[in-house]
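Position 113 of the sequence shown, counted from 1, bears residue number 113 in UniProt numbering, the numbering being contiguous throughout. Even glycine gets a Cβ: it sits at the ideal position worked out from N, Cα and C. Notes follow the structure.
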Amino acid sequence: MSLVGERWALLIVRELSHGVRRFGGIAANTGAPRDILTTRLRKLEATGIVRRELYSAHPPRYEYHLTEAGAELNDVLLTLMAWGDRHLNAEDPPMRFRHACGHRFEAAVVCAHCGGPAREQLHSPSGRGVITEPTG
């Protein structure tokens with residue numbers, strides 16, 4: 001959350017996933033102050049979410065692209081958008097997508113093995129991030 005839980009980081013990912021690649025376009029579409037945008041882009045680059053590509057040598061100018069890890073964050077954005085559409089904008093969602101199959105896209109988090117909804121059927125967490133209640 002320290003990386004993507006910050007407002008500008010997710011807006012940068014959104015813009016890059018929509019094909020906006022240059023600093024000026026990202027700044028205009030997100031409304032991020034230029035100094036903050038510079039800092040966030042550098043942080044996203046350092047953590048492997050964004051990569052820079054030189055498109056002009058004199059003066060040096062860069063385009064920004066999502067890495068594979070960054071592209072996967074678009075799934076998070078689509079899920080957040082679906083939540084907002086259901087709970088905040090049910091009557092008139094501000095943006096809709098059509099999937100390549102021809103139908104309106106609706107994000108859903110499901111089990112990759114059985115297709116069951118994750119929200120209703122998750123249990124038995126394991127791993128180093130699990131917090132258990134103290135016994136005794």
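When DSSP builds the beta bridges, which residues end up paired with residue i?
i	result
ARG51	HIS65
PRO117	VAL110
ARG104	ARG98
Could you check the C-alpha separation between residue i and residue j for me, to the nearest Å?
i	j	result
PHE105	TRP83	13 Å
GLU120	ALA108	12 Å
PRO60	ILE26	18 Å
ILE12	LEU41	8 Å
VAL20	ASP35	18 Å
LEU10	LEU3	9 Å
ARG52	GLY5	22 Å
GLY129	HIS58	48 Å
ASP85	HIS99	17 Å
GLY127	GLU133	15 Å
ASN89	LEU78	15 Å
ILE131	MET1	17 Å
Select from the options the residue whose C-alpha is nearest the C-alpha of residue i.
i	options	result
TRP8	LEU44, GLY115 and HIS58	LEU44
HIS18	GLY115, ARG128, ASP75 and SER56	ASP75
PHE23	HIS99, GLY115, HIS65 and ILE131	HIS65
ILE49	THR39, GLY70 and TYR62	GLY70
VAL110	GLU68, LEU122, HIS103 and GLY102	LEU122
Segment contact flag, the stretch 25-44 with the stretch 84-97, C-beta cutoff 8 Å, min 3 pairs
Segments in contact, no.
What are the complete alpha helix (DSSP H) segments, minimum 4 residues, inside the UniProt domain "HTH hxlR-type" (1-92)?
Runs found: 7-17, 23-30, 34-46 and 68-87.
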